[in-house]
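Chains as they are written, first to last, in the numbering used here: chain A, 1 to 463; chain B, 1001 to 1463.
There are 2 protein chains.
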Amino acid sequence: MYGLILAGGSGSRLWPLSRELYPKQLLNIQNSESLLQSTFLRLKDVIPSDNIISMTGVKHVSNVRYQLSSLCENPLVLSEPISKNTAPAIVLGAKFIAETSKSDPVILVVPSDHSIKDVKLFSQTVKEGEILAEQGYIVTFGVKPSYPETGYGYINTSEVKLFDGFKVNKFVEKPDFETAQKYLQEGNYYWNSGIFMFKASVLLEEASKKAPEIYDKLKNFDFTKSSEIPYTEFDKMPAISIDYAIMEKSDKIALVALKSDWNDLGSWKSIYDVSKKDENGNVKIGHVIDEGSKNSFVYSSSKLVATIGLEDIVLVETEDAILACKSDKTQEVKKIYDTLKKQNDNTHKVHKTVYRPWGYYTVLGEGKGFLTKMIHVNPGQKLSVQSHEHRSEHWVVLEGKAKVVLEGKDLFLSPGHSVDIPVKAIHSLQNPYEEDLKIVEVQKGDLLIEEDIIRYEDMYGRV
Amino acid sequence: MYGLILAGGSGSRLWPLSRELYPKQLLNIQNSESLLQSTFLRLKDVIPSDNIISMTGVKHVSNVRYQLSSLCENPLVLSEPISKNTAPAIVLGAKFIAETSKSDPVILVVPSDHSIKDVKLFSQTVKEGEILAEQGYIVTFGVKPSYPETGYGYINTSEVKLFDGFKVNKFVEKPDFETAQKYLQEGNYYWNSGIFMFKASVLLEEASKKAPEIYDKLKNFDFTKSSEIPYTEFDKMPAISIDYAIMEKSDKIALVALKSDWNDLGSWKSIYDVSKKDENGNVKIGHVIDEGSKNSFVYSSSKLVATIGLEDIVLVETEDAILACKSDKTQEVKKIYDTLKKQNDNTHKVHKTVYRPWGYYTVLGEGKGFLTKMIHVNPGQKLSVQSHEHRSEHWVVLEGKAKVVLEGKDLFLSPGHSVDIPVKAIHSLQNPYEEDLKIVEVQKGDLLIEEDIIRYEDMYGRV
Chain A
1 MYGLILAGGS GSRLWPLSRE LYPKQLLNIQ NSESLLQSTF LRLKDVIPSD NIISMTGVKH
61 VSNVRYQLSS LCENPLVLSE PISKNTAPAI VLGAKFIAET SKSDPVILVV PSDHSIKDVK
121 LFSQTVKEGE ILAEQGYIVT FGVKPSYPET GYGYINTSEV KLFDGFKVNK FVEKPDFETA
181 QKYLQEGNYY WNSGIFMFKA SVLLEEASKK APEIYDKLKN FDFTKSSEIP YTEFDKMPAI
241 SIDYAIMEKS DKIALVALKS DWNDLGSWKS IYDVSKKDEN GNVKIGHVID EGSKNSFVYS
301 SSKLVATIGL EDIVLVETED AILACKSDKT QEVKKIYDTL KKQNDNTHKV HKTVYRPWGY
361 YTVLGEGKGF LTKMIHVNPG QKLSVQSHEH RSEHWVVLEG KAKVVLEGKD LFLSPGHSVD
421 IPVKAIHSLQ NPYEEDLKIV EVQKGDLLIE EDIIRYEDMY GRV
Chain B
1001 MYGLILAGGS GSRLWPLSRE LYPKQLLNIQ NSESLLQSTF LRLKDVIPSD NIISMTGVKH
1061 VSNVRYQLSS LCENPLVLSE PISKNTAPAI VLGAKFIAET SKSDPVILVV PSDHSIKDVK
1121 LFSQTVKEGE ILAEQGYIVT FGVKPSYPET GYGYINTSEV KLFDGFKVNK FVEKPDFETA
1181 QKYLQEGNYY WNSGIFMFKA SVLLEEASKK APEIYDKLKN FDFTKSSEIP YTEFDKMPAI
1241 SIDYAIMEKS DKIALVALKS DWNDLGSWKS IYDVSKKDEN GNVKIGHVID EGSKNSFVYS
1301 SSKLVATIGL EDIVLVETED AILACKSDKT QEVKKIYDTL KKQNDNTHKV HKTVYRPWGY
1361 YTVLGEGKGF LTKMIHVNPG QKLSVQSHEH RSEHWVVLEG KAKVVLEGKD LFLSPGHSVD
1421 IPVKAIHSLQ NPYEEDLKIV EVQKGDLLIE EDIIRYEDMY GRV
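Shown next, in the form of structure tokens:
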């Protein structure tokens, strides 16, 4: 069996903890693992690590690879050069697996940002689905509704029993509250979890029939030669979900009910719902002091958050943005996100802490003509060989040791040592050692933007 | 006429914007001036600048002097070496004014942290009070209650009319709601504003009769020789309010009703009450984005604060702490403050930005063995000549120019220049120029605390 983890995602719904450049699947809100890492570990229970492929947007590849490399040796991460929704990703994923494995395996497709705590029951359900997938069905895993949710799509099953599942009648859109109540009563409606399973050949054949606008483009891709997805070819594919493109049109769909718990963590409210609460119904994460609040979710990433007498409030503190929201309005976070995007306010996009393939940096302070960062370089990593047209830099080593290459000369710096990098000087910061390296960088100049960089060499292919 | 501004105050009620070391009177919440500065400007309308004396705790002297020096040439600030409530401060203030002016003037005593917007009406009331003070009365300015407030003390007047005021019957404690309602109906009850007026000789004579435990200590102070209040002598005075010590016992008290607006800004709720609201009843200060909130107060000092669907919430963001509070619970902020104090959490005491006589610094970041600050030195100021036993420092100039004296040698640094200050080296940072100076300081060492400082010379008398 193969696994295909869909690790795209825009990061809008759990803003300000998620950002466009650090979306939900990369977060670890409750566990020591991120949602992506939990997803990988869950699949590992039934699928060998080497058979698990992740697909993500080009902006997230380095972060996804970094997170997964703590769980397996060489995580296979495919990069979507542009966002095209799920259908192109899944069809290409199936083609990739079929071509590179030179076989026709069963493929389990899972979103990377859901919460499923009971791995055993999940694996058991997957095994049941596998039998139907082997028989030529496209298996969708449905969640038995526990209340009339209006935020999910539903799947209606027929009475035709198929081993541990049912034949699917139809997919239905997000219902209004009354309809959702009706679905709940009728009993043969399930929430669409976005988890699927199929034989590669079955999906590709259904794509050829139901989604020729995707299938016809497949010949442009040859994964026997390279695992890269070329931008211009991928861009010719329509942006469409697998549900619209294939599921709703196919008569080969079976549904197996998920035995485990499941939560799509699609809003702060749903994070609150799956979190462990104290005796007053509060969830307090981080440095939080409370006086008499009830049923509230308070998340502090770094600063002290004091709350008094709150009821049904979600409060999330990050380094550069704070969200305070009535619990039943958390789906409106997307509005804030869109407003910020429209206003060109970067707060929707990046944190003050920005993750890079070599580590991360945090903006400490900025003002007219200067900008101060704390730079954290992971062991064995190096920043690109680069120069800047508009700024000088001054580095002070705080922890660990640094190798600095400046105009061809090697310098070795220990804590307390500093070095000046003049404007236009070609330089590189490296950490060839086994400990983390932390430096303070003070930038000075008339134009202090990330884009002022000329890269000459880069171990992460960013030249 | 003389003015005595009481600028003590602990900073607990408007936490996290106020702190023990930066209390309410120093804040500018709505205006470009701080409450202290507004108070000074208000008095200037009726009293010459040179006749206005401020009294504050020793910890606040430099900040109080710094704020007032933008309003007059040589602000006279007396330093209380320890907090002893209002009676010792007012009695000593009266003695100070009588001795240094060699006269027996009328003295107007005002708290420094109240809001009075209509200066004209305030001055008019003061002039009315002056006539009674000249006649030998201790005049207290009362506020006509507009609702049954339970958080203030009340003053009950008799029917004896005295020019524009009344003779006072008695001072009464904070009432319960029913009693407050009764007071409101009866009409001859006023809120105690804490503003008083008297001839110096009258107050001192009343002190001799009603508060001998204070009066008897007065001989320990000789302000003809020095304006300093010696700690050991001051410490012998009891800590007691002027209301308890004198007002409630004296039969020379008259009340003049304050004609102007008045608000003691004793809680975030009262700040909200006096603030201008938008059409949804919200007050939004700083970088705030809202979706559908009502009757809420949202204050951002630096970060983006996004609010959705809040009702009757006070939200205050500062660099290192966030408060979220139901509007009718803002008096419980003191509980949070006390909890922090008990936990030895410095967040009750200092901001990340700390004000010093020479300017201020902001902690940018800290970690194991290092601490990074942005230091802002005002023009013409210098830090003390000092050394540290446990840390080295590295300075990078960002803006302005610095004179650094290091082991007796003068260095002159421009933006981009840096210097290393080794452990134990005697050094001083100076800004003898007319522009602000900003530097980044990186401290390194095994013990990074403010107390690790040996001062050799200091222009602010801190050696």
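For each residue, glycine too, the CB sits at the ideal point set by N, CA and C.
**Message:** Among the candidates 1439/B, 1435/B, 1125/B, 1358/B, whose CA atom is the shortest distance from the CA of residue 1396/B?
**Reply:** Nearest in C-alpha terms to residue 1396/B, of all of 1439/B, 1435/B, 1125/B, 1358/B, is 1439/B.
**Asked** Any idea if residue 456/A is buried or exposed, counting beta-carbon neighbours within 10 angstroms, 16 or more meaning buried?
**Response** Exposed, because fewer than 16 other Cβ atoms sit within 10 Å of the Cβ of residue 456/A.
**Request:** List the endpoints of the continuous beta strand (DSSP E) containing residue 1320/B.
**Result:** Premise fails: residue 1320/B is in no beta strand (DSSP E) and is neither H nor E.
**Prompt:** Does the separation of the CB atoms of residue 1293/B and residue 1311/B fall below 8 Å?
**Reply:** The answer is yes: Cβ separation under 8 Å.
**Request:** Enumerate in chain order the residues of its own chain whose CB-to-CB distance from residue 269/A is below 6 Å, with the five nearest sequence positions on each side excluded.
**Result:** The residues are 327, 330.
**Message:** Under 8 Å: do the stretch 57 to 69 of chain A and the stretch 304 to 320 of chain A share three or more Cβ pairs, one atom per stretch?
**Reply:** No, the stretch 57 to 69 of chain A is not in contact with the stretch 304 to 320 of chain A.
**Message:** Just to check my reading of the structure: residue 54/A and residue 68/A have Cβ atoms closer than 8 Å, yes? What is that Cβ distance to the nearest angstrom?
**Reply:** About 7 Å separates the two Cβ atoms, so the contact holds.
**Prompt:** DSSP puts residue 221/A in a beta bridge; with which residues?
**Reply:** In DSSP, residue 221/A forms no bridge with anything.
**Item:** Whole-number beta carbon distance between residue 1155/B and residue 1142/B, since they are thought to touch under 8 Å
**Value:** About 5 Å separates the CB atoms of residue 1142/B and residue 1155/B; that is less than 8 Å, so the two are in contact.
**Asked** Who are the neighbours of residue 415/A on chain B, taking C-beta pairs under 8 Å?
**Response** Chain B residues near residue 415/A: 1369, 1370, 1444.
**CB of residue 1367/B within 8 Å of CB of residue 398/A, strictly** = Contact check for residue 1367/B against residue 398/A passes: the beta carbons are separated by less than 8 Å.
**Prompt:** If we ignore side chains and look at the alpha-carbon of each, how far apart do residue 1200/B and residue 1005/B end up?
**Reply:** So the two alpha carbons sit approximately 15 Å from each other.
**Request:** Return the residue from the list 1337/B, 1461/B, 1209/B that minimises the CA-CA distance to residue 1021/B.
**Result:** Nearest of 1337/B, 1461/B, 1209/B to residue 1021/B, Cα basis: 1337/B.
**Asked** Counting along the chain, where does the alpha helix (DSSP H) carrying residue 2/A start and finish?
**Response** Unbroken run through residue 2/A is the beta strand (DSSP E), 2 to 6; no alpha helix (DSSP H).
**Request:** Pick helix, strand or coil for residue 1343/B, following the three-state DSSP scheme.
**Result:** In this structure, residue 1343/B counts as coil in the three-state DSSP scheme.
**Prompt:** Between which two residues does the alpha helix (DSSP H) carrying residue 213/A extend?
**Reply:** For residue 213/A, the enclosing alpha helix (DSSP H) begins and ends at 212 to 215.
**Prompt:** What's the C-alpha gap between residue 1046/B and residue 371/A?
**Reply:** Straight-line measurement puts the Cα of residue 371/A at about 47 Å from the Cα of residue 1046/B.
**Asked** In chain order, what residues of the same chain lie with their CB nearer than 7 Å to the CB of residue 1349/B, ignoring the 5 residues before and after it?
**Response** Here residue 1349/B has 1019, 1020, 1021 as same chain residues with Cβ atoms under 7 Å from its own Cβ, once five neighbours each way along the sequence are excluded.
**Message:** Rounded to whole angstroms, what is the Cα-Cα separation between residue 381/A and residue 432/A?
**Reply:** The alpha-carbon atoms of residue 381/A and residue 432/A are separated by roughly 7 Å.
**Prompt:** Hey, is the stretch 1165 to 1184 of chain B in contact with the stretch 1069 to 1081 of chain B, meaning 3+ C-beta pairs nearer than 8 Å?
**Reply:** No: fewer than three Cβ pairs fall under 8 Å.
**Completely contained alpha helix (DSSP H) runs for the stretch 334 to 406 of chain A, where each covers 4 or more residues** = Whole alpha helix (DSSP H) segments, 4+ residues: zero.
**Prompt:** For the stretch 1072 to 1101 of chain B, which residues have a beta carbon sitting closer than 8 Å to at least one beta carbon of chain A?
**Reply:** When CB distances to chain A are screened at a threshold of 8 Å, not a single residue of the stretch 1072 to 1101 of chain B falls below it.
**Request:** Compare the C-beta of residue 144/A with all C-beta atoms of chain B and state if any pair is closer than 8 Å.
**Result:** So no, residue 144/A is outside the interface.
**Message:** I'd like to know if residue 1270/B contacts chain A, where contact means its C-beta is closer than 8 Å to some C-beta of that chain.
**Reply:** No, because no Cβ of chain A sits closer than 8 Å to the Cβ of residue 1270/B.
**Message:** Mapping the DSSP letters down to three states, classify residue 15/A as helix, strand or coil.
**Reply:** Coil, per DSSP.
**Message:** At a CB distance below 8 Å, what residues from the stretch 1425 to 1456 of chain B approach chain A? Give them in sequence order.
**Reply:** So the close ones are 1438, 1440, 1442, 1444.
**Item:** Interface flag, residue 458/A vs chain B, CB-CB below 8 Å
**Value:** No, because no Cβ of chain B sits closer than 8 Å to the Cβ of residue 458/A.
**Within 8 Å, strictly: CB atoms of residue 1190/B and residue 1157/B** = By the CB criterion at 8 Å, residue 1190/B and residue 1157/B fall inside the cutoff.
**Request:** Note down, in chain order, all residues in the stretch 1161 to 1178 of chain B with a beta-carbon under 7 Å from any beta-carbon belonging to chain A.
**Result:** Only those residues of the stretch 1161 to 1178 of chain B whose C-beta falls short of 7 Å from the nearest C-beta of chain A would be listed, and there are none.
**Prompt:** Residues in the stretch 1374 to 1403 of chain B with C-beta within 8 Å of chain A's C-beta atoms, listed in sequence order?
**Reply:** Listed by position, the residues of the stretch 1374 to 1403 of chain B near chain A (Cβ gap below 8 Å) are 1374, 1392, 1394, 1396, 1398, 1399.
**Message:** Considering only their Cβ atoms, is the gap separating residue 1221/B from residue 1092/B smaller than 8 Å?
**Reply:** Going by C-beta atoms, residue 1092/B is nearer than 8 Å to residue 1221/B.
**Asked** If you check the beta carbons only, do residue 9/A and residue 25/A fall under 8 Å apart?
**Response** Their beta carbons are under 8 Å apart, which means residue 9/A touches residue 25/A by this criterion.
**Prompt:** Can you tell me the Cα-Cα spacing of residue 423/A and residue 71/A, whole angstroms?
**Reply:** If you take the alpha carbons of residue 423/A and residue 71/A, they lie about 41 Å apart.
**Request:** Could you name the residues of chain B that residue 309/A contacts, counting a contact when the two beta carbons are closer than 8 Å?
**Result:** At a C-beta separation below 8 Å, residue 309/A has these neighbours in chain B: 1325, 1326, 1328, 1329, 1332.
**Prompt:** Looking at the C-beta of residue 1305/B, does it have a partner C-beta in chain A at a distance below 8 Å?
**Reply:** Interface residue, yes.
**Message:** Starting from residue 1185/B, trace the alpha helix (DSSP H) in both directions and tell me its first and last residue.
**Reply:** From DSSP, the alpha helix (DSSP H) with residue 1185/B extends over 1177 to 1186.
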